[in-house]
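**Q** Quick note on our numbering: the sequence shown kicks off at 95 and runs consecutively.
By construction, the Cβ of each residue, glycine as well, lies at the ideal position given by its N, Cα and C atoms.
For clarity, every value in this text was computed on a predicted model and none was experimentally measured.
Got a structure for you, questions after.
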Amino acid sequence: MKQALIVWGGWDGHQPQQVAALLGDALKEEGFNVEISDTLDSFSDEDKLASVDLIVPVWTMGKITPEQLKPLLYAVKVGGTGIAGCHGGMGDSFRNETEFQYMVGGQWVAHPGNDGVTYEVRIKDLNQPLTQGIGDFTVVSEQYYMHVDPGNQVHAVTYFGDVEMPVVWTKMYGSGKVYYNSLGHQANIVAMPETLELMRRGMVWAAR
């Protein structure tokens with residue numbers, strides 16, 4: 095049985111506890127043993143991180159100490175533990191920690207219009223296992239404009255005028271697989287069938 099660690103906290107406006115529960119339930123349905131924690135000290139336990147196949151951070155903003163961050167980065171980069179997350183819970187965590195942002199492959203910059211913007215998410219490759227059978231869909235939520243790593247493999251996009259902006263991507267960080275989805279402002283957006291299915295597939299893919 096694969097092991098997953100979900101760590102939630104940070105800015106409460108993103109409903110991290112509820113999002114963690116939704117993602118935890120999805121992983122349990124996939125046969126994972128899931129531990130849910132509300133402290134970044136979980137990242138300080140090197141033995142724990144070495145034993146898990148997947149880490150799911152749900153922690154917008156906040157600060158992380160070197161004693162918490164270094165074992166997390168090591169577990170993914172060297173140990174091959176997968177990491178997957180969504181929205182600000184992984185794409186706007188620990189704003190001063192550029193190595194974390196490099197691992198993720200992007201960092202939130204702005205959400206013009208704030209919450210309530212209606213926009214389209216377009217799937218880039220309908221034959222890719224992470225997106226197969228999921229068509230383009232409409233979201234009414236925050237639309238994330240992000241700084242992104244040009245080396246990311248992009249699976250879904252949105253548009254700011256003529257600018258194509260990645261929504262879902264994958265990458266490697268050393269030995270570890272990284273999955274990110276910019277959707278998920280609050281639990282109701284994570285619970286959308288398209289978002290939840292994308293997250294389910296992405297988390298399973300990222301797991302060691």
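Taking the C-alpha atoms as reference points, what is the distance between G156 and G104?
**A** If you number the sequence shown from 1, residue 156 lands on position 62. If you number the sequence shown from 1, residue 104 lands on position 10. Those two C-alpha atoms are separated by around 5 Å.
**Q** For S84, which three-state DSSP category applies?
**A** Outside the modelled stretch of the chain, which goes from 95 to 302, sits residue 84, for which no answer is possible.
**Q** How far does the beta strand (DSSP E) with V248 in it extend, from its first residue to its last?
**A** Locating residue 248 in the sequence shown gives position 154, counting from the first residue. Taken as a continuous stretch (DSSP letters only), the beta strand (DSSP E) holding V248 covers 247-254.
**Q** For R216, name the three-state secondary structure that DSSP assigns.
**A** In the sequence shown, counting from the first residue as 1, residue 216 sits at position 122. Three-state DSSP puts R216 in a strand.
**Q** Leaving out five residues before and five after T133 in sequence, what residues of the same chain have Cβ atoms less than 8 Å from its Cβ?
**A** Within the sequence shown, the letter at position 39 stands for residue 133. Within the same chain, T133 has close Cβ partners V101, G103.
**Q** Suppose you measure from the CA of G255 to the CA of P206; what does that come to, to the nearest Å?
**A** Along the sequence shown, one-based indexing puts residue 255 at 161. Along the sequence shown, one-based indexing puts residue 206 at 112. Answer to the nearest angstrom: the Cα atoms are 12 Å apart.
**Q** Beta-carbon separation of G278 and H181 under 8 Å?
**A** Your numbering for residue 278 matches position 184 in the sequence shown. Your numbering for residue 181 matches position 87 in the sequence shown. Yes.
**Q** How is K171 classed by DSSP in three states: helix, strand or coil?
**A** The sequence position of residue 171 within the sequence shown is 77, counting from 1. Helix at K171.
**Q** Of the choices T289, M293, I283, whose alpha-carbon is the least far from that of Q109?
**A** Here residue 109 refers to the residue found at position 15 of the sequence shown. Taking only the C-alpha atoms, the option nearest Q109 is I283.
**Q** Looking at the secondary structure, which residues open and close the alpha helix (DSSP H) in which G183 lies?
**A** By 1-based counting over the sequence shown, the position of residue 183 is 89. G183 -> alpha helix (DSSP H) spans 181-185.
**Q** M259 bridges to which residues according to DSSP?
**A** As a working note, residue 259 is residue 165 in the sequence shown. M259 pairs with T252.
**Q** If you draw a straight line from the C-alpha of V215 to the C-alpha of E291, how long is it?
**A** If you number the sequence shown from 1, residue 215 lands on position 121. If you number the sequence shown from 1, residue 291 lands on position 197. One C-alpha to the other measures close to 14 Å.
**Q** Report the option in A178, D141, P165 whose CA atom is closest to the CA atom of W153.
**A** As a working mapping, residue 153 is identified with position 59 in the sequence shown. Looking at the Cα atoms, A178 is the closest of the given residues.
**Q** From A98 to E258, what distance separates their C-alpha atoms?
**A** Against the sequence shown, residue 98 aligns to sequence position 4. Against the sequence shown, residue 258 aligns to sequence position 164. Whole-angstrom Cα-Cα distance: 33 Å.
**Q** Kindly indicate which residue of S235, G270, M266 has the alpha-carbon position closest to the one of V248.
**A** Taking the sequence shown and counting its residues from 1, one reaches residue 248 at position 154. Answer by Cα proximity: M266.
**Q** Is the beta carbon of S276 sitting closer than 8 Å to the one on Y238?
**A** As a position in the sequence shown, residue 276 is number 182, starting the count at 1. As a position in the sequence shown, residue 238 is number 144, starting the count at 1. Taking the C-beta atoms as reference points, Y238 is found nearer than 8 Å to S276.
**Q** How should Q195 be labelled, buried or exposed, when 16 other C-beta atoms within 10 angstroms of its C-beta is the threshold for buried?
**A** For the purposes of this step, residue 195 is taken as the residue at position 101 of the sequence shown. Q195 comes out buried.
**Q** Give the list of continuous beta strand (DSSP E) stretches no shorter than 3 residues that lie fully inside the region 97-137.
**A** 97-104, 127-131
**Q** What are the boundary residues of the alpha helix (DSSP H) that includes T232?
**A** The residue you call residue 232 lines up with position 138 of the sequence shown. First-last for T232: 231-235, but that is the beta strand (DSSP E), not the alpha helix (DSSP H).
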